[in-house]
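Novice:
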Amino acid sequence: MIDERLIDYIRDNLRKGYSLDSLRKVLIDEGWDPNQVNEAINYVQNISPPASPPVPSPHPSWSPPEEEETRKPSRPTGVTIICILGFLGAILLLISGVLLVGLGGIIVNTGIPFLGNETASVTLGGFGSVLGPLLDLMGFVLIALAVIYFVSFYLLLKMNRIGFVLVILLGLLQIIGSAISFSMNNATMIVLWAIIIAYLFIKRKFFV
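Numbered according to the working numbering, the sequence shown spans residues 127 to 334.
1. I'd like the span of the alpha helix (DSSP H) that includes S148, first residue to last.
2. Answer yes or no: do L132 and L140 have a C-beta to C-beta separation smaller than 9 angstroms?
3. Can you tell me the Cβ-Cβ gap for I217 and I322, rounded? I've got them flagged as a contact below 8 angstroms.
4. Could you tell me the alpha carbon to alpha carbon distance between V317 and K329, rounded to whole angstroms?
5. Here's the rule: buried if 16 or more other CB atoms are within 10 angstroms of the residue's CB, otherwise exposed. What is L263?
6. P184 by DSSP, collapsed to three states: which one?
7. Using only alpha-carbon positions, find the residue among G212, L219, I302 and T314 that is nearest to L268.
8. Find out if the Cβ-Cβ distance for the pair G265, G223 is shorter than 9 angstroms.
9. Tell me which same chain residues have a C-beta within less than 8 angstroms of the C-beta of L283, skipping the five on either side of it?
10. Apart from the five residues on each side of it in sequence, which residues of its chain come closer than 8 angstroms, Cβ to Cβ, to I154?
11. Taking DSSP as the reference, what is the three-state secondary structure of S222?
12. Taking the alpha carbon of R137 as the point to measure from, which residue in G157, Q171 and A270 has its own alpha carbon closest?
13. Keeping to the same chain, check which residues put their C-beta closer than 7 angstroms to that of W319; ignore five residues upstream and five downstream.
14. Rounded to a whole number of angstroms, what is the C-alpha to C-alpha distance between S307 and L295?
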């Protein structure tokens, strides 16, 4: 016997403009038996075939958004949480980059006294011609990474497959870098990124 909840769910979402293929995929991903899903879809098609055609015909201009919705199911909560964490990380990278660029400029232009020792200050001032540009370079690298993070997690938030690929690549690079310079903090990052990558692979069918 066909579960009435399946029939009601399919009817309601057909009225909203979702396609049968997308509904079948979402229901199977949620754990419903594929045979029951197919029976429910066939039942709805046989009982009420004229339900979907009247919707686009009086309003043809609305069909592209309807099709766009069918290709982009609702965003899972876990993806939203991952994107929020990604945006926070991007903000921290941006702030760190700006601070390093500013510090590099200060060292190049003025030097920094070391414990009030003028000799040490002069030495640092001479070394500033090397240290300052190095800090500037590190700062610009962090700023560039922050931009990449923002773009990647924004596309992920929009359920875009490019964002999915970019975040996976960022996670793999982070895991490799943390494994090379291993510490307790890096171990936490490895575990966190491993969880994020595993979760995104589980939900990969949602990204189009």
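The C-beta atom is built at its ideal place from N, Cα and C for all residues, glycine as well.
Specialist: Here's the rundown:
1. L146 to D155
2. no
3. In fact, because the Cβ distance is near 18 angstroms, the residues do not count as touching under 8 angstroms.
4. 19 angstroms
5. exposed
6. Only weak support is given to the placement of P184: the predicted model assigns it a pLDDT of 45, under 50, and the value that follows is read from those uncertain coordinates. Coil, per DSSP.
7. Distances from the alpha-carbon of L268 to those of G212, L219, I302 and T314 put L219 closest.
8. In this structure, G223 lies closer than 9 angstroms to G265 by Cβ.
9. R201, V205, T206, C209 and G289
10. P160 and V163
11. helix
12. Q171
13. G297, Q300 and I301
14. For S307 and L295, the distance between alpha carbons rounds to 19 angstroms.
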